[in-house]
Every structure is written in structure tokens, then in C-alpha cells.
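In our numbering, the protein residues as written are 792 to 1185.
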């Protein structure tokens, strides 16, 4: 009788797993786009940068042009199109007489009211463009004293509308300092603050700063709000190693630091918004960890495991993935509360309740990238043709 029960249970689990896989929609090609947008020129880029301004009923695309002004040199444009028809509503060209053509690899920044902010590092110019395609303002930001220490866009749009501009001042190990400039929605500077340490991560609510000793055997992290008021400092145990750049920040304000501790090895350390340690958890040393809303995923040995504040939720194994291909996943929570998981060679839409696969994208055309997925709508970028397409999945 016991053997029969075990057999029935095993069969049930197998059928459940098979049902989950079989019910998933798999896409190797996408056909019949709802609309397409293109620069119609192989030398005029469409950047992998898209924003759905739902309240304004617009889709923003980061593109390029040369025809209107320079005839020769590329300059970036902000293109607003109708989400249903793809028809161009307006185009804002980033070209200024006396300044010239402007282009950047940094993504634009998008406010809730449809305002777009664009930073051009070559001239240190910051633009604000409204939802009607008109320039609100343009300002020149202070000079970067150590450009080599600026690894990402130094301008950050915060949830409350504040714009922060990060300028490393001292890069001497153990004595780093940083200047943080704050600007309001009108482009007016509202503060300038000198802080100790190097800014490692900026979310829409927090600025997370790393300080370390000269010998790198002692680390501490300062967490600031959007006004650059320090909320708390966390000091890691002596001998611990960490990289604050990989810190996870949940929507509820919980901060998860990852560190290799002297006695317990690799751990995640959860800190409350008040700076109190909530819990610590062991994580594999070779795992890739990413934040997803108020969850985090752990990718190791072809398996993605989902965790929340209470602990393990579910996992999914991707046994078919080639061992020879290094995977550095990215993930986010979609508007319809599904997990978008990008494993580089293919992409998935997963149900956070059980990590079952809802959609699987492994497009035959390696030149085509998925820019955005939400609510069964996909936007793709075909790089060789500089073309964006919108698809409604059925």
C-alpha cells in the first residue's frame, strides 16, 4: 500500500510539472506587429530605451536623427507615439544652436506626469521635456572632478521628483568623499552636500553609500533619503567583505546587504527602514541575486528560487540551459504582477505564486531584443534595422 501511495504521489508531481510546462506559451517568432517605428537608416540608432506613459497615452522612444538640422551628424531625439496606432505625436530633437548635436548612451529618465529628463555627459547638460514635447528647461551641471570614477549615469530621478547629481570628490581608498547636488522639478538647485564615502547605489527613494578601510577589511554603509539626510549607518563585522552596489532595496524600504562574513560565509542581511537588523539568511557564494518588487531571486545551478520577507516561496529549474553560457539574469515585476525574467538567451514570464512558466520567449532572430513586456504586450527592438515593433500576444 505504501509503495502505491508513493507511486501515485510521484505521478501527481510529474503530471503537475508537465502541465505547468505544457500550458506555457512558447514564442520563437513574433508576427503581425500592431505597429512599427524606425529611423529608416542603419546609421541612426534606436536605443534600447522605452517608456510607457500610460496617463498621457503615449509611448516614449529614444531615437536619433540627422536630417532636420545637421544633415551629417547624429543627434538624439525623444519620440512620442500613440500606443494604439504607433503614429508619431511629436519629436523633440536634442540639438542646440551654439552647442551642437547631443547624444548619450544613458537611458532617459521619466516622471509620473509624462516629463522626460535627458542627461548628456559630453556637455553635462540636463534637459526637462514635458508631455507635449516642449522644453521646460535646460541646465548645465557642475564639472565631474573624477570622470573615471563615474560608472553610470550620475543623474537620478527620485520618487518625490527630486533630481540628484553625483560628483565624486576624493577617490583615495579609505577616504572617499562625494558631493551630491539636489535640484527641484524646475531645475533649481536646492542643496549641495558633501558626504563621506562613494555612492554605490541609488534607488528612487534611497542613496546607498559605501565606506571602507584602506585594507578593505572593514566596511560600513550609510543610507540617505532623497534630501540626503542620513537615515542610518550599518557597520559590517570586521573581516567581512561586501559590494554595496549589489544591495537590494525592496518597495517597502527594507534594504538587503550581501556580505561574506568571517564565521558564517555568504549571507543576506535585511535592514528595516529604521536601521534595525530584521534577519540574516545564508546564500550560495556563486549565486546571482536580484530584486523583484518585495521579493528577491537566487539564480544558481540553472535554478531560480524566489524568496520574500518570510523566506522561500517557490523555485523553477531550467535544466535545458547550456552550461557553457554564463548567465547574469535580470528580473522585474510587471504591471500585472508577474515576474519578467531575462536569462540572456531566453526570457520568461513567471507566476510568483509557484514560479510556473506563463510565457517563454526564445526568438529565432538573435538580432531582435525584447524591450518591454507587460499585460501580454511586447515591444521589440530589431537592432540591424533600428526598428521598434509592438505585438499584442494572443
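From the three backbone atoms N, C-alpha and C, an ideal C-beta is built for every residue, glycine too.
- Ranking 1149, 1140, 1156, 1022 by CA distance to the CA of residue 1163 puts 1140 first.
- The three-state secondary structure of residue 945, taken from DSSP, is coil.
- Under a 10 Å Cβ-count criterion, residue 965 is classified as exposed, with fewer than 16 other Cβ atoms of the shown protein chains found around its own Cβ.
- The C-alpha of residue 915 lies about 24 Å from the C-alpha of residue 996.
- According to the DSSP assignment, residue 1128 belongs to no beta strand (DSSP E), since it is labelled neither H nor E.
- Taking a cut-off of 8 Å on C-beta distances, the segment 974-985 does not touch the segment 1032-1049, as fewer than three cross pairs fall below it.
- Using a Cβ-Cβ distance cut-off of 8 Å, the segment 989-1005 and the segment 947-961 are in contact, since at least three pairs of beta carbons, one from each stretch, lie closer than that value.
- Secondary structure at residue 1092: coil, using DSSP grouped into helix, strand and coil.
- Listed as beta-bridge partners of residue 854 by DSSP are 837, 868.
- Check the Cα spacing between residue 1106 and each of 1083, 1147, 1117: the tightest is with 1147.
- The beta carbon of residue 1004 lies closer than 6 Å to those of 965 in the same chain, with the five residues before and after it left out.
- By the C-beta density criterion, residue 842 is buried, having at least 16 other C-beta atoms within 10 angstroms.
- The beta carbons of residue 1080 and residue 1087 sit about 6 Å from each other, so the pair counts as a contact at 8 Å.
- For residue 859, the closest of 851, 816, 868 by C-alpha to C-alpha distance is 868.
- Residue 816 is bridged by DSSP to 1150.
- Collapsing the DSSP output to three states places residue 1136 in coil.
- Contact check between the segment 1049-1069 and the segment 1014-1034: three or more CB pairs, one atom from each, fall below 8 Å, which counts as touching.
- Between the alpha carbons of residue 821 and residue 1169 lies a gap of roughly 9 Å.
- In the displayed model, residue 1055 falls within coil according to three-state DSSP, outside both helix and strand.
- About 7 Å separates the CB atoms of residue 972 and residue 933; that is less than 8 Å, so the two are in contact.
- 1046 is the residue among 1117, 1078, 1050, 1046 whose C-alpha sits nearest the C-alpha of residue 1068.
- Secondary structure of residue 1175 (DSSP, three-state): helix.
- Rounded to whole angstroms, the gap between the alpha carbons of residue 929 and residue 872 is 23 Å.
- Setting aside the 5 residues that flank it on each side, residue 865 is surrounded in the same chain by 834, 835, 836, 855, 856, 857, 892, 894, each with a C-beta closer than 8 Å to its C-beta; the list follows chain order.
- In the three-state DSSP reduction, residue 953 falls in the coil class, being neither helix nor strand.
- Between residue 910 and residue 897, the gap from beta carbon to beta carbon is short of 8 Å.
- Around the C-beta of residue 926, fewer than 16 other C-beta atoms lie within 10 Å, and the residue is accordingly described as exposed.
- Approximately 14 Å separates the beta-carbon atoms of residue 922 and residue 852; this is outside 8 Å, ruling out the contact.
- Assigned with DSSP and collapsed to three states, residue 1071 falls in strand.
- A Cβ-Cβ distance of about 6 Å is found for the pair residue 1083 and residue 1123, placing them in contact under the 8 Å criterion.
- The C-beta of residue 819 has fewer than 16 other C-beta atoms within 10 Å across all chains shown, which makes the residue exposed.
- It is roughly 44 Å from the alpha-carbon of residue 1173 to the alpha-carbon of residue 1020.
- Shown here for residue 1182: same chain residues with a beta carbon closer than 6 Å to its own, the five before and five after excluded, namely 821, 824, 1169 in chain order.
- Residue 963 and residue 1157 have their C-alpha atoms roughly 43 Å apart.
- Here residue 1144 is exposed: its Cβ has fewer than 16 other Cβ atoms, across all protein chains shown, within 10 Å.
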